[in-house]
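>
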Amino acid sequence: MAHPSSYEPTTGFEKWLDARLPVVRVMSDQFITFPTPRNLNYWWTFGGILVFMLISQIATGIVLAMHYIPAADRAFDSVEHIMRDVNWGWLLRYTHAVGASMFFLAAYIHTFRGLYYGSYKAPREILWILGVLILLLMIATAFMGYSLVWGQMSFWAVTVITNLFSSLDLVIPGLGTQLVQWIWGGFSVGGPTLTRLYSLHYLFPFIIAGVVVLHIWALHIPGNNNPTGIDVKSARETLPFHPYYTMKDGFALVLFAILFALFVFYAPNMLGHPDNYIPANPLQTPQHIVPEWYFLPFYAILRAIPNKLFGVAGLIGAIVVLFFVPWLDTSRVRSTRYRPIYKWFFWAFV
Amino acid sequence: MAEDVTPAQFPIPQDEDDHSRRDVIMIAAGGFAAVGFGLGLWPLLDQMNPDQSALSFATTEVDLSHLEVGQAITVMWRGKPIFIRHRTEKEIEEGKAVPLDDLIDPIARNANLPEGAPATDANRAGKDREAWLVMIGICTHLGCIPKGQSPGDYKGNYGGWFCPCHGSQYDTAGRVRHGPAPQNMYIPPYAFLSDTKVKIG
Numbered sequence: 001m002a003h004p005s006s007y008e009p010t011t012g013f014e015k016w017l018d019a020r021l022p023v024v025r026v027m028s029d030q031f032i033t034f035p036t037p038r039n040l041n042y043w044w045t046f047g048g049i050l051v052f053m054l055i056s057q058i059a060t061g062i063v064l065a066m067h068y069i070p071a072a073d074r075a076f077d078s079v080e081h082i083m084r085d086v087n088w089g090w091l092l093r094y095t096h097a098v099g100a101s102m103f104f105l106a107a108y109i110h111t112f113r114g115l116y117y118g119s120y121k122a123p124r125e126i127l128w129i130l131g132v133l134i135l136l137l138m139i140a141t142a143f144m145g146y147s148l149v150w151g152q153m154s155f156w157a158v159t160v161i162t163n164l165f166s167s168l169d170l171v172i173p174g175l176g177t178q179l180v181q182w183i184w185g186g187f188s189v190g191g192p193t194l195t196r197l198y199s200l201h202y203l204f205p206f207i208i209a210g211v212v213v214l215h216i217w218a219l220h221i222p223g224n225n226n227p228t229g230i231d232v233k234s235a236r237e238t239l240p241f242h243p244y245y246t247m248k249d250g251f252a253l254v255l256f257a258i259l260f261a262l263f264v265f266y267a268p269n270m271l272g273h274p275d276n277y278i279p280a281n282p283l284q285t286p287q288h289i290v291p292e293w294y295f296l297p298f299y300a301i302l303r304a305i306p307n308k309l310f311g312v313a314g315l316i317g318a319i320v321v322l323f324f325v326p327w328l329d330t331s332r333v334r335s336t337r338y339r340p341i342y343k344w345f346f347w348a349f350v
Numbered sequence: 351m352a353e354d355v356t357p358a359q360f361p362i363p364q365d366e367d368d369h370s371r372r373d374v375i376m377i378a379a380g381g382f383a384a385v386g387f388g389l390g391l392w393p394l395l396d397q398m399n400p401d402q403s404a405l406s407f408a409t410t411e412v413d414l415s416h417l418e419v420g421q422a423i424t425v426m427w428r429g430k431p432i433f434i435r436h437r438t439e440k441e442i443e444e445g446k447a448v449p450l451d452d453l454i455d456p457i458a459r460n461a462n463l464p465e466g467a468p469a470t471d472a473n474r475a476g477k478d479r480e481a482w483l484v485m486i487g488i489c490t491h492l493g494c495i496p497k498g499q500s501p502g503d504y505k506g507n508y509g510g511w512f513c514p515c516h517g518s519q520y521d522t523a524g525r526v527r528h529g530p531a532p533q534n535m536y537i538p539p540y541a542f543l544s545d546t547k548v549k550i551g
């Protein structure tokens, strides 16, 4: 794509294949010889970690779906069945649940890396927008997955989040109610809601995987940004992706996996809420209802704005604003290293 | 170094005397990665094996007091049909009269006997209870359930069971007499708890 291909097919089969479907050439050019700035620091390893997390979530998710039953009266019991009866079920479920947290941890670091080093600026706007889109899809997927447990927290999270749409009643009376009933498939959260959440929770990760391919494609056209924010001037300032960055990413992945494993094996429920081990009860909202940690900033927006419609608008705006960051920031300096005032604001924001 | 080198040509460190040390690190890292991959893969595959709740359905007790001579019932054990037939004198005699050489499968396939016991009628029927035949009612060809339990069923040329899928025929001791099935129907582990009660599994 962005750099001349250096792949030379050697065997007869490789030549035959290369003339028909140059998949080996693409892999070689994009993931082996790809010219990568020599000065990338460890904040740049989270892209690879995120790919690992997506694969881990899809693998454990497909397996969990073999045992899970998406019915309002059986979902909670089937989750307990996974925990108690299914071989390795406890490990698979904890890996999937903690995996969601670790996925967000890595995604947030990856996003703030982009914000800090100006990776959203020209010529990488599309790359950035695709990234925000992935984040949006991740938020939707994580929410739907959380609901499938059908415990108290799940049920009331579904109730609250779907009711966000009812705020449209304040714009056009009746519209919000109509929309919410369409989402629920009834007059309250129930069985039909659960099965559609399950269906979409299975679908979305594959859409994410598709957008990730576009995200990497968009990355490989201009190439990586780097901590200085100054464009690579010549090939001497780059290294081939393999073995230099496969090794660096691999090492970072091992460290990340150790953190992941510590949570899975020693504190699997630390990041969750104990109330979700109570089966869903449509007649009682839990006393201390809060979302998972990775949604707390959005939750805070809802609590902070004492108006239903504006609260919801603020929540959505907090994500949508990210789409426009490339044009909101008019500074011509990319890296925050050279923007001392922005640096203060950045850390204050974090 | 020339300004126009492409990154692929960028020199990869090639200290000749360092190679063996580099190889040790590469092989160790690759080995650890392979072991880790295998350990990660194992739970993803093992989860498909029967789980604890499936294993807990391991035994079934059946009351036989209402079963008259000549009648048969089908019960479920581990999700499989178990044929229990209270055989008539005629059926027992027919079973005994068959020479072992005429059988397609000369092995009893009885989980209660040593492996390889000959498929005599006595080895197929209940121990000291030759009127009772208890077996897994699954054709050994491709897993269909043979006809022959109900009075009106076609029982094949040997008076036992007939598989509707591909035409295998079994005699009154559940032994295959006409292909394509390769083996006699299997006898599950079971024991009579009393004259009218049998425990399967």
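Keeping their order, the protein sequence lines are chains A and B.
Counting in the working numbering, the first sequence runs from 1 upward without gaps.
Counting in the working numbering, the second sequence runs from 351 upward without gaps.
Don't be surprised by glycine CBs; every beta carbon is placed ideally from N, CA and C.
Measuring CA to CA, which of 479/B, 414/B, 478/B and 404/B is closest to residue 429/B?
The shortest C-alpha separation from residue 429/B is found at 404/B.
> Step through the CB atoms of chain A and report whether any lies within less than 9 Å of the CB of residue 393/B.
Output row for residue 393/B: interface = yes.
> In terms of alpha-carbon separation, which member of 175/A, 115/A, 208/A and 32/A lies closest to residue 347/A?
Out of 175/A, 115/A, 208/A and 32/A, 115/A has the C-alpha closest to the C-alpha of residue 347/A.
> Taking just the CA atoms, how far does residue 90/A sit from residue 84/A?
Rounded to whole angstroms, residue 84/A to residue 90/A spans 7 Å at the Cα level.
> On the DSSP letters alone, give me the boundaries of the beta strand (DSSP E) that residue 411/B sits inside.
First-last of the beta strand (DSSP E) with residue 411/B: 410-413.
> Closer than 9 Å, CB to CB, is residue 351/A near chain B or not?
Any question about residue 351/A goes unanswered here, given that chain A covers just 1 to 350.
> List, in chain order, every chain B residue whose beta-carbon is nearer than 7 Å to that of residue 89/A.
Simply 397.
> Anyone know if the C-beta pair for residue 496/B and residue 518/B falls short of 9 Å?
It is a contact, given that the beta carbons lie within the stated cut-off.
> Output the boundary residues of the beta strand (DSSP E) element that contains residue 519/B.
Residues 519-521.
> Which residues does DSSP list as the beta-bridge partners of residue 436/B?
For residue 436/B, which the question treats as bridged, DSSP gives the partners 482/B.
> Apart from the five residues just before and just after residue 152/A, which ones in its own chain have a Cβ nearer than 7 Å to its Cβ?
These residues qualify, in order along the chain: 275, 276, 278, 280, 281 and 286.
> Whose C-beta lies closer than 8 Å to the C-beta of residue 9/A among residues of the same chain, with five residues either side of it excluded?
Cβ within range, chain order: 15, 17, 18, 24 and 25.
> Is there contact between the segment 137-154 of chain A and the segment 98-111 of chain A, where contact requires at least three CB pairs shorter than 8 Å?
Yes, they touch.
> Determine which residues share a DSSP beta bridge with residue 399/B and list them.
Note: residue 399/B sits in no beta bridge, so no partner.
> My output table needs one value for residue 496/B: the three-state DSSP class, helix, strand or coil.
Residue 496/B: coil per DSSP, three-state reduction.
> I need the DSSP call for residue 49/A, collapsed to helix, strand or coil.
DSSP places residue 49/A in helix when its eight states are reduced to three.
> Ignore the nearest five residues each way along the sequence and tell me which others in residue 353/B's own chain have a CB closer than 6 Å to its CB.
Note on residue 353/B: pLDDT 47, under 50, position unreliable in the model; the coordinate value appears next. The answer is none, since no qualifying residue turns up.
> Buried or exposed: where does residue 245/A fall if 16 or more other Cβ atoms within 10 Å of its Cβ makes it buried?
Label assigned to residue 245/A: buried.
> What is the residue span of the beta strand (DSSP E) that residue 540/B lies within?
Unbroken beta strand (DSSP E) run through residue 540/B: 540-544.
> In the segment 177-211 of chain A, which residues sit with their C-beta less than 9 Å from some C-beta in chain B, listed in chain order?
Against chain B - using a Cβ distance shorter than 9 Å - the segment 177-211 of chain A contributes no residues.
> Whole angstroms are fine: how far does the CA of residue 193/A sit from the CA of residue 223/A?
C-alpha separation (whole angstroms): 43 Å.
> Going along chain A, which residues have a C-beta under 8 Å from residue 500/B?
Residues of chain A passing the Cβ test: none, with the nearest at roughly 35 Å.
> In the DSSP assignment, what residue or residues form a beta bridge with residue 430/B?
According to DSSP, residue 430/B bridges with 427/B.
> Residues of chain A with CB closer than 7 Å to the CB of residue 401/B, please, in chain order.
By Cβ distance, chain A contributes 85, 86 and 87.
> Quick check: the Cα distance between residue 229/A and residue 119/A, rounded to an integer number of angstroms?
Looking at the two C-alpha atoms, the distance is approximately 8 Å.
> Does the separation of the CB atoms of residue 467/B and residue 534/B fall below 9 Å?
The answer is no: Cβ separation not under 9 Å.
> Thinking just about the alpha-carbon of each residue, which of 296/A, 177/A and 227/A is nearest to the one in residue 273/A?
Residue 296/A is the option with its Cα nearest to residue 273/A.
> Using 9 Å as the threshold, is the C-beta distance between residue 438/B and residue 427/B below it?
Not in contact: residue 438/B and residue 427/B (Cβ atoms no closer than 9 Å).
> Which class does residue 61/A belong to by DSSP, given the choice of helix, strand or coil?
In the structure shown, residue 61/A sits in a helix (DSSP, three-state: H, G or I).
> Between 291/A, 69/A, 135/A and 43/A, which lies nearest to residue 215/A when the distance is taken from Cα to Cα?
The shortest Cα separation from residue 215/A among 291/A, 69/A, 135/A and 43/A belongs to 135/A.
> For residue 499/B, is the beta carbon positioned less than 8 Å from some heavy atom of the ligand SAM?
Absence of the ligand SAM from the depicted structure is noted, as is the absence of any ligand whatsoever, leaving it without description.
> Just the C-alpha distance for residue 460/B and residue 67/A, rounded to the nearest angstrom, thanks.
Cα-Cα distance, rounded: 34 Å.
> At which residue ranges does the segment 238-293 of chain A contain complete beta strand (DSSP E) runs of 3 or more residues, listed in the order of the chain?
The qualifying runs are 238-240.
> Below 9 Å on C-beta distance, what does residue 288/A contact in chain D?
This model lacks chain D altogether, as its protein chains are A and B.
> Here's the rule: buried if 16 or more other CB atoms are within 10 angstroms of the residue's CB, otherwise exposed. What is residue 130/A?
When all chains shown are included, residue 130/A counts as buried.
> With a threshold of 8 Å, are at least 3 pairs of Cβ atoms found where one atom belongs to the segment 308-316 of chain A and the other to the segment 161-174 of chain A?
Cβ pair count under 8 Å is three or more, so yes.
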